[in-house]
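K.L.:
Here our numbering = 1-based position in the sequence shown + 22. Virtual Cβ for every residue (Gly too), placed ideally from N, Cα, C.
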Amino acid sequence: MRLFYPFNLRLPSPHARSVQVVNTCQALADAGCDTWLLAGRSRGVKPWDVLDRYALPGGPNLHIRLLRMLRAEPWDRIKFTWSAVFSGRCWRAIRRLARIGLGVLYCRDYELAQQFFGRAFDFNLRTVFEVHTLRSVEAEEEGGDVAALREHERRAIEPADLVIVTGEALRAQVERLFDLRRPVVTVPNGVRVPPQRPSRAADTGNPVILYVGQLQAWKGVQNLVRALALLPRVRLEIVGGVPATLTAGKSERDPRRQSLEALAAETGVADRVVWTGFVRPDEMAGRLRGAAVAAHPLAESVEGRLFTSPLKVLEYMAAGLPIVASDLPSTRQILRDGETALLVPPDDPQALAAAIRRLLDAPAFADRLGGAAYEAAKPFSWAGRARHLLEAIAALR
Numbered sequence: 023m024r025l026f027y028p029f030n031l032r033l034p035s036p037h038a039r040s041v042q043v044v045n046t047c048q049a050l051a052d053a054g055c056d057t058w059l060l061a062g063r064s065r066g067v068k069p070w071d072v073l074d075r076y077a078l079p080g081g082p083n084l085h086i087r088l089l090r091m092l093r094a095e096p097w098d099r100i101k102f103t104w105s106a107v108f109s110g111r112c113w114r115a116i117r118r119l120a121r122i123g124l125g126v127l128y129c130r131d132y133e134l135a136q137q138f139f140g141r142a143f144d145f146n147l148r149t150v151f152e153v154h155t156l157r158s159v160e161a162e163e164e165g166g167d168v169a170a171l172r173e174h175e176r177r178a179i180e181p182a183d184l185v186i187v188t189g190e191a192l193r194a195q196v197e198r199l200f201d202l203r204r205p206v207v208t209v210p211n212g213v214r215v216p217p218q219r220p221s222r223a224a225d226t227g228n229p230v231i232l233y234v235g236q237l238q239a240w241k242g243v244q245n246l247v248r249a250l251a252l253l254p255r256v257r258l259e260i261v262g263g264v265p266a267t268l269t270a271g272k273s274e275r276d277p278r279r280q281s282l283e284a285l286a287a288e289t290g291v292a293d294r295v296v297w298t299g300f301v302r303p304d305e306m307a308g309r310l311r312g313a314a315v316a317a318h319p320l321a322e323s324v325e326g327r328l329f330t331s332p333l334k335v336l337e338y339m340a341a342g343l344p345i346v347a348s349d350l351p352s353t354r355q356i357l358r359d360g361e362t363a364l365l366v367p368p369d370d371p372q373a374l375a376a377a378i379r380r381l382l383d384a385p386a387f388a389d390r391l392g393g394a395a396y397e398a399a400k401p402f403s404w405a406g407r408a409r410h411l412l413e414a415i416a417a418l419r
């Protein structure tokens, strides 16, 4: 089987979705599927640089094509749709490669699916769409043009031969809203699980709470900063955020990080917060090893409640870390309160701080929790994800 996965981000990328896509493609290739990842090209980056950045072995079944991706800047006189430029190059590559045998066109981007799925039949391509979010459902709660957003989603989801989701809460929404040809298939995200639970760094008396992820408000990092004010002699390490961007030739820092830095100063914990920025996937092991507790402090929101299938939680589990997380449907799909993590009400810094303190004060209990999390991570391997995807695709024949 030959599978094409167009992905309209430049690689390598600081976004978690790039980790999900490249690891999924590697696992599909390892399972014997002839896999073609078509992504944007960063200046000077070669396919083997992508493999190195994500610590992937590659192999004869994994083909990475990096295509030019133009992006309009605010000072450009001539405006253009950069995604259209990429999708045109991408479709030409697929059209050249798809002439032999049955193939699969796999998308997770609404615009690419809308442009490609209607033409896929002419090239004997089955179509798979992986849903990660539904903006129309967010608009129902937060305001917005629900009808326009839902039509945008429908044009990608309903034509697909197969629809994949990463969680049961999202599956229920997709089945409720759209007229589908076949049942939706749930295939959770994956993680690299080492053969043995990783060793932990020695206790130095200054425990580190680790957060890995982006800094949007719904991620709840603001609650973690407020909780830190209730935890003397504890440090918080925040791994993530986006690099500085260029606007009109001037470097601009991530405004979300600036807002959180101001909150840390206001609450008197600025000197105990370490901001690492983006850390390469192949360098994450050291950060995980040095943490006493890992945090997943999602705020109450439709994104956190229904849509997220967090890679970072799986990474925490695979590292054998004790975890404190918000008690939401999305986290309960992965974690069990008191068994593999401590779950606390969202948007409650006091409860978050109390759970962290409980783990810091009871190292034996924290170690048991981390060990159970490591064991629970094993079914979520990337190889397992690829196997489930290929089984679902094979059932289309």
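1. Keeping to the same chain, check which residues put their C-beta closer than 6 Å to that of T353; ignore five residues upstream and five downstream.
2. Since V213 and L333 should fall inside the 8 Å C-beta cutoff, what is the C-beta to C-beta distance between them, to a whole number of angstroms?
3. Out of D293, M339, H85, state which residue places its alpha-carbon closest to the alpha-carbon of P28.
4. Measure the C-alpha to C-alpha separation of A266 and D276 and round it to an integer number of angstroms.
5. Per DSSP, what are the beta-bridge partners of P28 in this structure?
6. Do the CB positions of L282 and L237 come within less than 8 Å of each other?
7. Let's test the definition: count the other Cβ atoms within 10 Å of the Cβ of T330 and tell me whether it reaches 16, buried, or not, exposed.
8. Taking the C-alpha atoms as reference points, what is the distance between W97 and L60?
9. Could you check how far apart the C-beta atoms of V207 and I179 are, in whole angstroms? I think they sit under 8 Å.
10. Rounding to the nearest angstrom, what Cα-Cα distance links R111 and L310 in this structure?
11. Do I231 and L252 have their CB atoms nearer than 8 Å?
12. To the nearest angstrom, report how far apart I116 and R24 are at their CA atoms.
13. Do N83 and C55 have their C-beta atoms within less than 8 Å of each other?
14. What separation, rounded to the nearest whole angstrom, lies between the Cα atoms of L250 and L374?
15. Just the C-alpha distance for K101 and H410, rounded to the nearest angstrom, thanks.
16. Looking at C-alpha atoms only, which residue of N211, G263, V291 is the closest neighbour of L246?
17. Residue ranges of each alpha helix (DSSP H) run of no fewer than 4 residues wholly in the stretch 237-319, ordered along the chain?
18. If you check the beta carbons only, do T149 and L127 fall under 8 Å apart?
P.N.:
Here's the rundown:
1. Residue numbering aside, residue 353 sits at position 331 when the sequence shown is read from its first letter. Excluding residues within five positions, the ones whose Cβ falls inside 6 Å are A347.
2. As a working note, residue 213 is residue 191 in the sequence shown. As a working note, residue 333 is residue 311 in the sequence shown. Right, the Cβ-Cβ distance comes to about 7 Å (below 8 Å), so this counts as a contact.
3. As a working mapping, residue 28 is identified with position 6 in the sequence shown. Looking at the Cα atoms, H85 is the closest of the given residues.
4. The residue given as residue 266 occupies position 244 in the sequence shown. The residue given as residue 276 occupies position 254 in the sequence shown. Bear in mind that a pLDDT of 48 at A266, under 50, signals an unreliable position, so the model cannot answer this.
5. Your numbering for residue 28 matches position 6 in the sequence shown. DSSP, once it has assigned bridges, lists L60 as partnering P28.
6. On the sequence shown, residue 282 is found 260 positions in, with the first residue counted as 1. On the sequence shown, residue 237 is found 215 positions in, with the first residue counted as 1. Yes, they are a contact pair.
7. Translated into the one-based positions of the sequence shown, residue 330 becomes position 308. Classification for T330: buried.
8. The residue labelled residue 97 in the question sits at position 75 within the sequence shown. The residue labelled residue 60 in the question sits at position 38 within the sequence shown. Legend: pLDDT at W97 = 38, less than 50; position of this residue unreliable, no value from coordinates given.
9. Locating residue 207 in the sequence shown gives position 185, where the first residue counts as 1. Locating residue 179 in the sequence shown gives position 157, where the first residue counts as 1. Contact doesn't hold; Cβ gap of about 13 Å is too wide.
10. As a position in the sequence shown, residue 111 is number 89, starting the count at 1. As a position in the sequence shown, residue 310 is number 288, starting the count at 1. Taking the straight line joining both Cα atoms gives about 39 Å.
11. Within the sequence shown, numbered from 1, the residue matching residue 231 stands at position 209. Within the sequence shown, numbered from 1, the residue matching residue 252 stands at position 230. Between I231 and L252, the C-beta gap is not smaller than 8 Å, which leaves the two residues out of contact.
12. Locating residue 116 in the sequence shown gives position 94, counting from the first residue. Locating residue 24 in the sequence shown gives position 2, counting from the first residue. Straight-line Cα distance between these residues: approximately 11 Å.
13. Working through the sequence shown from its first residue, we reach residue 83 at position 61. Working through the sequence shown from its first residue, we reach residue 55 at position 33. N83 places its beta carbon less than 8 Å from that of C55.
14. Residue mapping note: residue 250 aligns to position 228 of the sequence shown, counting from 1. Residue mapping note: residue 374 aligns to position 352 of the sequence shown, counting from 1. Their Cα atoms are separated by approximately 9 Å.
15. Here residue 101 is taken as the residue at index 79 of the sequence shown, counted from 1. Here residue 410 is taken as the residue at index 388 of the sequence shown, counted from 1. Note that K101 scores a pLDDT of 45, beneath 50, so its modelled location is shaky; the value from the coordinates is reported in the next line. The straight-line gap from Cα to Cα measures roughly 42 Å.
16. As a first step, residue 246 must be located in the sequence shown, where it is residue number 224. Scanning N211, G263, V291 for the CA closest to the CA of L246 turns up V291.
17. The stretch 237-319 contains, as complete alpha helix (DSSP H) runs of 4+ residues, the segments 243-250, 277-288, 306-311 (chain order).
18. In the sequence shown, the residue the question calls residue 149 occupies position 127. In the sequence shown, the residue the question calls residue 127 occupies position 105. In contact: T149 and L127 (Cβ atoms closer than 8 Å).
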